[in-house]
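Undergrad: Let me give you the structure first, and then I'll get to my questions.
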Amino acid sequence: MVQRRQERDLGFLLPLVSDLTETQYRLVVLLQSIIVKHAEGAIPPVHDGDIAEAAGTLAATLETAGKGIIYEHQAVSVPAQRLSTELRRAVTELLDRNPSQQSRVERDTAAALRRIERGAREAERALAGDETPVYLKLLNRTFVPTPESVGGETTPDAPAKNLIIQP
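Mapped onto our numbering, the consecutive letters of the sequence shown carry residue numbers 5 to 171.
Quick look at the structure:
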């Protein structure tokens, strides 16, 4: 039964990330770890719609910035707005670490956020019968955040890994 669950989960997740670049995939993993960590203590609780809304609004903000227009899109629900703020902090940190590649980081992050948005919107239909919030529970089942992926300290035997690989 566990193996069937894993196969079903991977059958949903793999098409979402199959055509992403390595950097975009790493961004998906990073952003998902932030979502999982944020959702653990969120009040009111985060639902799949909130995840989709937060990812979509932040992606729209980054896409708008890529066109040279400064406009911050806002999520409607309070949980989505709080999650969006948390995700935005991570994106700002990435941009601060890579100032010479700002447009590339924004473009790759927007692509990663769009995949998360799509996953959160499609999970309930694709994984019919699962307990809600389907996408969030899927992330909890398949994604085990490491300290370095969520910005924590690394252990002496686990060297820190850079999210963005410099060319």
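Even for Gly, the Cβ is constructed at its ideal location relative to N, Cα and C.
Taking the Cβ atom as the reference point for each residue, do Ala-132 and Leu-34 lie within a distance shorter than 8 Å?
TA: No, these two residues do not count as a Cβ contact at 8 Å.
Undergrad: Measuring only the C-alpha atoms, how far is Leu-99 from Val-50?
TA: If I take the Cα positions, the gap works out to 26 Å.
Undergrad: Is Thr-136 helix, strand or coil by DSSP?
TA: Residue state, collapsed to three classes: coil.
Undergrad: Rank Gln-106, Gln-7 and Thr-136 by C-alpha distance to the C-alpha of Lys-71 and give the top, closest one.
TA: Out of Gln-106, Gln-7 and Thr-136, Gln-106 has the C-alpha closest to the C-alpha of Lys-71.
Undergrad: Take Asp-13 and list the residues in its own chain whose beta-carbon comes closer than 8 Å to its own, dropping the five residues that flank it on each side.
TA: Leu-131, Leu-142, Arg-145 and Thr-146.
Undergrad: Who are the near neighbours of Asp-54 in its chain, counting only those whose CB is closer than 7 Å to its CB and skipping five residues on each side?
TA: Taken in chain order, the residues that qualify are Ser-81, Pro-83, Ala-84 and Leu-87.
Undergrad: What separation, rounded to the nearest whole angstrom, lies between the Cα atoms of Val-6 and Val-21?
TA: For Val-6 and Val-21, the distance between alpha carbons rounds to 22 Å.
Undergrad: Could you give the DSSP three-state label for Asn-102: helix, strand or coil?
TA: Here Asn-102 sits in coil by DSSP.
Undergrad: For the alpha helix (DSSP H) containing Val-6, name the first residue and the last one.
TA: It spans 6-21 - the alpha helix (DSSP H) in which Val-6 sits, taken as one unbroken run.
Undergrad: Suppose you measure from the CA of Leu-24 to the CA of Arg-108; what does that come to, to the nearest Å?
TA: Answer to the nearest angstrom: the Cα atoms are 14 Å apart.
Undergrad: Could you tell me whether the Cβ atoms of Glu-110 and Gly-60 are closer together than 8 Å?
TA: Cβ distance not < 8 Å, so Glu-110 and Gly-60 don't count as in contact.
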